[in-house]
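This report concerns only the one structure given below.
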Amino acid sequence: MYINNWYVAAPVEDLVGNEPIALRMLGADFVLFRDESGEIHCLSDVCCHRGAALSKGKVSNGCIACPYHGWVFDSSGVCVKIPALGPEARIPPRARVDSYPVREKFGWIWVFLGDAKEEDRPPFLDDSWFPEYYDKENWRTVRLNYEVDANWQRSEENSIDGAHPSFVHKSFGSKRDPQIQIVEVQKNEWGASTTRERTPPDRSQKTGAMREITAEKRGKTKATTSFTFTGITHRIDIKRSDGLSQCTLSHRTPIDQFHTRTFSIQARDYLLTEEFDKERQEGRRNAIKEDVGIVKTIRPPLPPRRPRSELLIKSDQLESAFRATMQKLTRKGWEIDSDIVERERQWQVYAIPSPARREDPKNWVHPAVPTVTPPSEEQG
Ligand code: FES
Ligand SMILES: [Fe+2]
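Numbering (my numbering), first residue to last: 23 to 402.
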């Protein structure tokens with residue numbers, strides 16, 4: 023798992039009124055709340071006094087009060103009141119918790135979990151990742167978010183894998199032609215992309231309204247898959263030879279190493295009315311079930327640390343590019359050392375460092391989560 027990334031925390035509509043919500047991300051605990059003006063804030067959920075969950079407390083005047091001894095924290099995470107010491111209390115400088123940048127996009131609440139300077143952060147997603155979302159006239163969208171008991175990287179590698187549909191998915195992928203095109207992978211600093219032509223599924227694989235509008239004979243389908251580190255995002259574009267298109271934008275948030283939340287929106291430029299949403303959602307749910315069924319069988323549950331412990335081949339082009347991107351981020355020192363966190367979790371809270379730690383790395387109760395030492399340093 024990596025710090026210094028934007029992650030989707032929750033759908034915007036999950037945060038109602040001034041009720042705070044508790045969330046686990048990257049193996050750490052967070053609280054999300056809205057202030058009176060509607061602005062959303064995200065703090066570490068572990069009170070720096072004696073560890074109670076702030077998310078069980080009350081929000082008022084843009085602050086959240088711990089349910090245990092009533093310490094009040096403002097939206098920047100600084101403690102502004104310690105009731106047991108009275109109004110004249112001198113508040114210790116370490117009386118604060120991490121506060122993280124928050125944004126809204128595509129109907130999701132995003133938080134930046136890390137302390138990197140703005141110019142070093144992965145770029146926040148812009149509209150070009152999903153222009154269809156704003157074009158309500160020509161595109162119809164359905165949203166889906168779900169949780170699975172599987173590692174985020176294993177899940178993401180499954181999503182961007184072009185060779186598995188023919189075997190794993192009943193309604194797409196071609197049983198008669200599982201060969202995939204080997205193409206050039208377009209790489210950039212934070213991700214990569216491929217466009218392949220593939221044999222479409224037979225009409226008999228389709229059901230419901232989809233079968234009605236699918237011809238018996240079709241030409242090749244063009245599939246573009248792109249991924250980027252920001253939000254562990256991928257976009258899959260399907261352009262059928264009959265002119266129908268569909269695209270899906272998905273983001274993955276590790277809850278911890280073994281549990282993952284996925285947030286996705288699918289847009290289609292056919293069957294544009296609401297009545298077809300149910301069928302589309304069902305299709306998505308079935309596909310997810312098929313994927314999860316396989317991903318849960320993968321051993322080891324985490325990607326191997328020794329590359330030769332698996333046999334990646336040419337058809338795994340994009341998955342290889344994904345692993346290379348993650349290795350680059352490990353070399354930046356952004357990978358959480360989960361071995362240490364797991365070993366000490368019964369007696370030590372590690373916080374995901376927030377931007378305020380850059381200015382003052384010392385005055386914190388919970389130490390920043392340890393990160394994996396980049397291999398080059400180890401050898402040197
Ligand atoms: S544990 Fe939060 S105020 Fe005491
Ligand atoms: Fe799949």
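Note that beta-carbon positions come from the ideal geometry of N, C-alpha and C, so glycine has one too.
Everything numeric in this text was worked out from a predicted model, so none of it was measured.
**OP:** Look at D291 and W161 and say whether their C-beta atoms are less than 8 Å apart.
**Re:** In the sequence shown, counting from the first residue as 1, residue 291 sits at position 269. In the sequence shown, counting from the first residue as 1, residue 161 sits at position 139. Taking 8 Å as the Cβ cut-off, D291 and W161 qualify as a contacting pair.
Original post:
Any chance the CB of G92 is under 7 Å from a heavy atom of ligand 1?
Top reply: As a working note, residue 92 is residue 70 in the sequence shown. Correct: G92 has its Cβ closer than 7 Å to ligand 1.
Subject >> Identified DSSP bridge partners for F285 >> reply: As a working mapping, residue 285 is identified with position 263 in the sequence shown. Partner(s): N167, H273.
Subject >> CA-to-CA distance, I362 to R306, given in whole angstroms >> reply: Mapped onto the sequence shown, residue 306 falls at position 284. Mapped onto the sequence shown, residue 362 falls at position 340. Each residue's alpha carbon lies about 37 Å from the other.
Original post:
With 8 Å set as the bound, which would you pick, yes or no: does the beta-carbon of G253 sit closer than that to a beta-carbon of chain B?
Top reply: Chain labels in this structure do not include chain B; a single protein chain is all it has.
Original post:
Does the pairing of the region 208–221 with the region 237–254 give three or more beta-carbon distances under 8 Å?
Top reply: yes
**OP:** Could you name each continuous alpha helix (DSSP H) segment of 4 residues or more that falls completely within the region 167–228, going from the start of the chain to the end?
**Re:** 174–181, 187–190
Original post:
Between S226, P396, A373, which lies nearest to S66 when the distance is taken from Cα to Cα?
Top reply: Looking up residue 66 in the sequence shown gives position 44. The candidate whose alpha carbon is nearest that of S66 is A373.
Original post:
Alpha carbon to alpha carbon, how far is D26 from I86?
Top reply: Taking the sequence shown and counting its residues from 1, one reaches residue 26 at position 4. Taking the sequence shown and counting its residues from 1, one reaches residue 86 at position 64. A small correction: the amino acid at residue 26 is Asn; Asp does not occupy that position in the sequence shown. Going from the Cα of N26 to the Cα of I86 covers about 25 Å.
**OP:** State the start and end residues of the unbroken beta strand (DSSP E) segment that holds S150.
**Re:** One-based indexing of the sequence shown puts residue 150 at position 128. Unbroken run through S150: none, as it is neither H nor E.
**OP:** Report whether the distance from the Cβ of A373 to the nearest heavy atom of ligand 1 is below 7 Å.
**Re:** On the sequence shown, residue 373 is found 351 positions in, with the first residue counted as 1. No; taking the cut-off as 7 Å, the Cβ of A373 has no heavy atom of ligand 1 nearer than that.
Original post:
Taking buried to mean at least 16 other C-beta atoms within 10 Å of its own C-beta, is G213 buried or exposed?
Top reply: Here residue 213 corresponds to residue number 191 of the sequence shown, with the count starting at 1. It counts as buried.
Subject >> C-alpha distance - D132 paired with Y122, whole-angstrom precision >> reply: Within the sequence shown, numbered from 1, the residue matching residue 132 stands at position 110. Within the sequence shown, numbered from 1, the residue matching residue 122 stands at position 100. Here the sequence assigns Trp to residue 132, which means Asp is not the residue at that position. So the two alpha carbons sit approximately 10 Å from each other.
Original post:
What does a CB cutoff of less than 7 Å around A44 pick up in its chain, not counting 5 residues either side in sequence?
Top reply: Here the question's residue 44 lines up with position 22 in the sequence shown. The residues are D51, V53, D67, A75, S77.
Original post:
Can the beta-carbon of F30 be found less than 8 Å from the beta-carbon of F251?
Top reply: Translated into positions along the sequence shown, residue 30 becomes position 8. Translated into positions along the sequence shown, residue 251 becomes position 229. Residue identity check: residue 30 is Val in the sequence provided, not Phe. Contact flag unset, no.
**OP:** Identify the continuous beta strand (DSSP E) that holds E126 and give its terminal residues.
**Re:** Along the sequence shown, read from residue 1 onward, the residue named residue 126 stands at position 104. 124–127 is the extent of the beta strand (DSSP E) around E126.
Subject >> Proximity of N167 and P33 at Cβ, strictly below 8 Å >> reply: Stepping through the sequence shown from its first residue, residue 167 is reached at position 145. Stepping through the sequence shown from its first residue, residue 33 is reached at position 11. Going by C-beta atoms, N167 is nearer than 8 Å to P33.
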